[in-house]
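Counting from 28, one number per residue, gives the positions in the sequence shown under my numbering.
Just so it is clear, CB atoms sit at the ideal spot from N, CA and C, and this is done for glycine as well.
This one's a predicted model, so the numbers in the text were calculated from it and none came from an experiment.
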Amino acid sequence: MSEGSLRRRLWARVVHDRSIGFGFEHIGLTTLRFPRIMALVALAFTLLCFTQLPRANVDGNLLRVYADSGHYYDAYERLSDTFGTFENDIYLLVSSPTLTEPATLEKVRELAFDLELNEFAVGTMSPFSLRKPVGNGGSMPAVPEGMTDVDEVALALTDLQQNDPMMRNLINPDLTGMVLIMFPNQAMTRGDGTKAMLASLRDMLAYYEGGDLEIELTGPPIWTSEMLNAAVDDQIKFTVYGFALGAVIALFALRSLTGALLVAATPFVAVMWSMGTVLMLFGSFSFLTIIVTTLVLVMAFAESMFFIFNWLAYWRDGMEPHKAVDATLKLVGPATALTTLTTLVAFASLYFSPGQGVQEFAIAGAVGSAIMFVCLMTVMPLLLKAALHLGFRLPRPPSFALNAPVPLAWFLATRFGRPITVLSALLVLLLVVPYFLIQPRFSFEDFMATDSNALSAAAEIDQGVGGVAPLYVRVPLRDNDPNVGARDIETLRRVHAIVEAELGDNKVISVASMSNYTDSGFSREEVLDSIGPFMKRRFVTDDGTQGLVTGFMPTIIQSDALKAMVARIDAELLAAGIAGAEIGGFRVLTTFATDDIVRSLQASLAVSVILNIALIGFAFGSARVAMASIVPNLFPILGTEAYLWVSGAGLQLTTVIALTIAFGIAVNDTIHFLSHYVHGRREEYRDHIGAIRNTLERIGGAIVATTVILCVGTAIVAYSDLPQVALFGRLFVLSLALALIGDLFMLPAILVAGARFFQPLARIRVRTADHDATPDDPAGDTRTGRLLPPG
C-alpha cells in the first residue's frame, strides 16, 4: 500500500470518528443516561433564573451603547467631566398666544421659580433666572417684575431675544413661546430617579396648564424614558405573542395539542434561562441585549421543531418511541451543536467591534445560544420521555401545507438543477456589488418611539427657536484667567465666528457673545458673576485653562449633514491656527461612533461568513460540503444588503447586527439539510440522488415550519414603536425568507447538478458486521472496516 493511500485511509477514519457537533451532543446523551440527576440540575437552574426575574429592568442610557467606542466617546467624556453638558437637561416648551399679557407672563415666572425649587434641580436657565449686570458690581432681573402693559412686556422680551446671547435660542421671535431649561441633579436621577423626577415635574405642570397656556416636556431624559417604556412594552409583546404564535404554528404543523405544547415548552424554559443569565451577568437589559430573548425564543422554537419532526418520523417508520428519542438525539444533536457553534461565531464576531453595548450584546447572544442548546439537550428529551410515560400517542402526519413546497423543490432540482445552480451563483456574484456600495447611516430619531410627544415638542422648538441640540467646541486657553484674558477672548471670538458661520446668527453662545454687556461698560468679571457660578462653569473652567463655545443645532439633523459640518469646522479651526480645539457633543458622538461601529460590524459580518463556512467544512470533514453551503448562505445576506442599498436605508447599528445574527441562524437549516444528506449517504447506503430526495421528504416540512416560526416570531419585532428595533425585525424576516429559498431550492439544485463532485462523500463510513461492501465500492476494505476515498 502506498504512503498516500495510507494517509487517505487514516484521514477517513479520523473524519468518521469525529462528530460534526464536536461531541457537545454528549450533554443530551448524559441526560438519557442520568435522567433524574439532569432533571434536578435543570430544575435548580430554572429556579435560580426565576429568582432573577423580579429585578428585570432595561437601562435606557444610550451612552452604554457607545461607551469605549473610540475618539469621539473619549472627547465626550472629557467634555462632560470638564464643563458638564446640556445633554441631560430637561426642556419645557411653554406656549401661549397671550404670552406678552402681564398676567400670563407672571404665571410663567411663577412656573420658572417652582422649577428652580424642584428637589431634582441643581439649576435652571430661563428669562426669569437671568440677571443683567448693573453698576457697582450688582445685577437685576433680565425680565423686570411688576410690568403692567403688554407693550412693556413685549419690549423686555424682544430686547432679551435679540441681544442676550443665552436667550436668543430660548424665546420665539413672535413672542408666543419660550423654553425653560432645568439642570437635573445627576446623583438623584440614577436608577429609578429619572422616573421619580418626571413624575414630580408632571405633577407640578398640571397646576399651571390650562386655558391658553400649553407646556410640553422634552429633552434627553424624556426621550430616554419614552425609549425605556417602549422597550419594556416590546419585551412583553415579543415574549407573549412570539410564544403564542410559535405554539399555534406548531399545533398547525403537528396536528396535536400535546405535541405543540412539547415544542413550546423548551423555548419557554430557554427564554427564562437566558433572561436570568443576562441579569446575573449585566444587572439589567440594554436596548440591544433585550433583543436576545426574542432571538433565543425563535431559535429554540426552530430547533424544537427539528427535534420533534425527526422523532415523529422515526416513530412513524416503526421505531419504538423511547428508542426514537435516543435515535433523534444522536442524529439531530450533532447538527444542533454545529448550528449553535455557527450562531456563537456570528455573535462572537460582534464582540471585536467598538462600543460597550455591542460587546454586551455579543456576550448575551453567545450565552443565550449556548443556553438554548443545553436546554434542548436536557429539557426536550426529558419532556418527551415524560410525555410517553403519561400516554402520549402518535399524532397524524404533518400538515400538507408545510410539505407543499417540497415536490416543487424536487421537481426544479431534478429538471433544472444546472441552470438554477448557474443562475444562483451569478445572482450571488451580482449581489456582491451593493455590499461595497452601501454606506453607514445614523438618524437620532430612529432611536425614538414613533409616537413620541417629546420628539414632537423638540420639532416645535426647532421650528420656533432653531433648535436646542448642542454642539460643543472645547478651546484650550493660555492666560489661565477665570475671567478670560484679552488673548483668550480673541481666540474664543474666532472659534465663535467659525461655529456661527455654520449654524447661523445668534445660534452660538460663549464668553465672546456677551459683548453687548462688556460694550456697555461692564467688566467681564461682572458679567460672569451675574450669570452665577453654575452657568459660568459652562463657559469657562474655574482655573481658566479651558473655554467652551456652544452652538445649537436642530434636534433632527441628517448624519451626512452633521459629518460634513464637523469636517468644515475642523478645517476652519486648523486654518485659523487654533491648536487643540476639540469638537464634541452627544449628537457628534452618536453620528461618528455609529459610523465606526457599523464599519467594524460590516467587517465582522464578512469574518463570520468565512469562519462559519470553514467551520461547516471542518465539521463535516469535507471541503465539498463547505462549497455546497456557500451560495445558499451568502444569498440571504447579500440580498438583504441589496434591499438596504436600493431602499436608501443604509447600514445602521441594528441593521448590521440583524444581518450578522440572521446569517448565523440561516446557516442552521443548511446544516440540518447537509447533515441528513451526508447521514443518508454514509449510514443508510443511499445513492446521491436518493439521499437528496429522502432529505427533502424528511425535513423539508421542518425547514418550512421553522422558517415560518422564525419569521412570524420575529415579525412581531417589526411592529415595535422603536424604529431601530422595527427595522431589525423587518431585515431579520427578509433574511430568513431568502434563506428558505436558498435552502429549499438552491441547495438541492446545487447537489443534484454536482452529482459527480459530491459522489465521494459516501466513501467515508463505518462497516457493519453484515456490510463488507457498498454499491459505491463493492471491494471495500475488510481490514479497516471502512470505505475509503479513491486512491
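* Asked: In terms of residue numbering, what span does the beta strand (DSSP E) encompassing residue 452 cover?
  -> Position 425 of the sequence shown holds residue 452. Where residue 452 is concerned, there is no enclosing beta strand (DSSP E), although the alpha helix (DSSP H) it sits in stretches over 432-464.
* Asked: Taking the continuous alpha helix (DSSP H) assigned at residue 560, which residues delimit it?
  -> Taking the first residue of the sequence shown as 1, we reach residue 560 at position 533. Its alpha helix (DSSP H) spans residues 559-563.
* To do: Kindly indicate which residue of 321, 685, 248 has the alpha-carbon position closest to the one of residue 261.
  => Residue mapping note: residue 261 aligns to position 234 of the sequence shown, counting from 1. It is 321.
* **Inter-residue Cα distance where the pair is residue 503 and residue 608** => The residue labelled residue 503 in the question sits at position 476 within the sequence shown. The residue labelled residue 608 in the question sits at position 581 within the sequence shown. Cα-Cα distance, rounded: 6 Å.
* Please determine if the stretch 378-395 and the stretch 622-629 are in contact, where contact requires at least 3 C-beta pairs separated by less than 8 Å. => yes
* Roughly how many whole angstroms lie between the Cα atoms of residue 287 and residue 340? -> For the purposes of this step, residue 287 is taken as the residue at position 260 of the sequence shown. For the purposes of this step, residue 340 is taken as the residue at position 313 of the sequence shown. C-alpha separation (whole angstroms): 16 Å.
* Run the CB neighbour count on residue 792, radius 10 Å, all protein chains shown included, and call it buried at 16 or more, exposed below. => Counting from one through the sequence shown, the residue named residue 792 turns up at place 765. Confidence is the limiting factor: at residue 792 the pLDDT is only 41, short of 50, which leaves the residue's position unreliable and the question unanswerable from this model.
* To do: State whether the stretch 637-655 contacts the stretch 776-790, with contact taken as three or more CB pairs (one from each stretch) at a distance under 8 Å.
  => yes
* Asked: Which residues share a DSSP beta bridge with residue 536?
  -> In the sequence shown, the residue the question calls residue 536 occupies position 509. DSSP output for residue 536 lists 577 as bridge partner(s).
* To do: Taking residue 700 as the reference, give the member of 778, 93, 158 with the closest Cα.
  => The residue labelled residue 700 in the question sits at position 673 within the sequence shown. The candidate whose alpha carbon is nearest that of residue 700 is 778.
* Return the CA-CA distance between residue 635 and residue 712, expressed in angstroms with no decimal places. => Translated into the one-based positions of the sequence shown, residue 635 becomes position 608. Translated into the one-based positions of the sequence shown, residue 712 becomes position 685. Whole-angstrom Cα-Cα distance: 34 Å.
* Straight-line gap, residue 796 to residue 345 (C-alpha atoms, nearest Å) -> As a working mapping, residue 796 is identified with position 769 in the sequence shown. As a working mapping, residue 345 is identified with position 318 in the sequence shown. With a pLDDT of 37 at residue 796, under the threshold of 50, the modelled position of this residue cannot be trusted, and the question is left open.
* Asked: How many Å lie between residue 266 and residue 405 at the Cα?
  -> Position 239 of the sequence shown holds residue 266. Position 378 of the sequence shown holds residue 405. So the alpha carbons of these two residues sit roughly 22 Å apart.
* To do: Round the Cβ separation of residue 123 and residue 240 to the nearest angstrom and send it over; I've been treating them as touching at under 8 Å.
  => Within the sequence shown, the letter at position 96 stands for residue 123. Within the sequence shown, the letter at position 213 stands for residue 240. With a Cβ gap of about 5 Å, residue 123 and residue 240 count as contacting.
* Asked: Do the stretch 737-747 and the stretch 324-331 meet, that is, are 3 or more Cβ pairs less than 8 Å apart?
  -> yes
* CB contact flag (residue 318, residue 281, <8 Å) -> Walking along the sequence shown from the start, residue 318 turns up at place 291. Walking along the sequence shown from the start, residue 281 turns up at place 254. Against a cut-off of 8 Å, the Cβ pair of residue 281 and residue 318 comes out as no contact.
* **Closest residue to residue 289 among 408, 258, 439 (Cα-Cα distance)** => Here the question's residue 289 lines up with position 262 in the sequence shown. The candidate whose alpha carbon is nearest that of residue 289 is 408.
* To do: Within the same chain, show all residues whose beta-carbon is closer than 7 Å to that of residue 672, passing over the 5 residues directly before and after it, in chain order.
  => As a working mapping, residue 672 is identified with position 645 in the sequence shown. These residues qualify, in order along the chain: 461, 464, 465.
* At what residues does the beta strand (DSSP E) containing residue 499 begin and finish? -> Start at 1 with the first residue of the sequence shown, and residue 499 comes out as number 472. From DSSP, the beta strand (DSSP E) with residue 499 extends over 496-503.
* Apply the 10 Å Cβ neighbour rule to residue 534 and answer buried if 16 or more other Cβ atoms are within range, or exposed otherwise. => The residue you call residue 534 lines up with position 507 of the sequence shown. Buried: at least 16 other Cβ atoms inside 10 Å.
* Sub-8 Å separation of residue 529 and residue 596 beta-carbons -> Here the question's residue 529 lines up with position 502 in the sequence shown. Here the question's residue 596 lines up with position 569 in the sequence shown. For residue 529 and residue 596, yes; Cβs fall inside 8 Å.
* At a cut of 8 Å, does the stretch 441-451 reach the stretch 725-732 through at least three beta carbon pairs? -> no
* To do: Go to residue 205, then tell me how far its alpha helix (DSSP H) extends in each direction, as first and last residue.
  => If you number the sequence shown from 1, residue 205 lands on position 178. Element bounds for residue 205: not the alpha helix (DSSP H) but the beta strand (DSSP E), 204-211.
* To do: List the endpoints of the continuous beta strand (DSSP E) containing residue 118.
  => Looking up residue 118 in the sequence shown gives position 91. First-last of the beta strand (DSSP E) with residue 118: 117-122.
* To do: In the DSSP assignment, find the beta strand (DSSP E) that holds residue 167 and state where it starts and stops.
  => Stepping through the sequence shown from its first residue, residue 167 is reached at position 140. Its beta strand (DSSP E) spans residues 166-168.
* Beta-carbon proximity check, residue 396 vs residue 367, cutoff 8 Å -> The residue labelled residue 396 in the question sits at position 369 within the sequence shown. The residue labelled residue 367 in the question sits at position 340 within the sequence shown. In contact: residue 396 and residue 367 (Cβ atoms closer than 8 Å).
* Are the stretch 146-166 and the stretch 237-255 touching, with three or more C-beta to C-beta distances below 8 Å? -> no
* To do: Under 7 Å Cβ to Cβ from residue 18, same chain only, skipping five residues before and after it: list those, please.
  => A query on residue 18 cannot be resolved here, the shown segment of the chain reaching from 28 to 818 and no further.
* With burial defined as no fewer than 16 other Cβ atoms inside 10 Å of the residue's Cβ, what is the status of residue 47: buried or exposed? -> As a position in the sequence shown, residue 47 is number 20, starting the count at 1. Counting Cβ neighbours within 10 Å, residue 47 comes out buried, since at least 16 surround it.
* **Beta carbon of residue 638 nearer than 8 Å to that of residue 664** => By 1-based counting over the sequence shown, the position of residue 638 is 611. By 1-based counting over the sequence shown, the position of residue 664 is 637. No, these two residues do not count as a Cβ contact at 8 Å.
* **Close-in-space but distant-in-sequence residues of the same chain around residue 82 (CB under 7 Å, 5 per side omitted)** => Residue 82 sits at position 55 when you count from the first residue of the sequence shown. Excluding positions up to five away in sequence, the list reads 306.
* Kindly confirm or deny that the stretch 451-458 and the stretch 215-234 touch, where touching means at least three C-beta pairs closer than 8 Å. => no
* To do: Would you mind reading off the limits of the beta strand (DSSP E) that contains residue 150?
  => Start at 1 with the first residue of the sequence shown, and residue 150 comes out as number 123. Its beta strand (DSSP E) spans residues 148-152.
* Asked: Taking buried to mean at least 16 other C-beta atoms within 10 Å of its own C-beta, is residue 660 buried or exposed?
  -> Within the sequence shown, residue 660 is the residue found at index 633, counting from 1. The residue in question, residue 660, is buried, as its Cβ has 16 or more Cβ neighbours within 10 Å.
* Where residue 172 and residue 110 are concerned, what is the direct C-alpha to C-alpha distance, given to the nearest angstrom? -> As a working note, residue 172 is residue 145 in the sequence shown. As a working note, residue 110 is residue 83 in the sequence shown. Spanning the two alpha carbons is a distance of roughly 32 Å.
* Three-state secondary structure (DSSP) of residue 743 -> Start at 1 with the first residue of the sequence shown, and residue 743 comes out as number 716. Reduced to three states, the DSSP call for residue 743 is helix.
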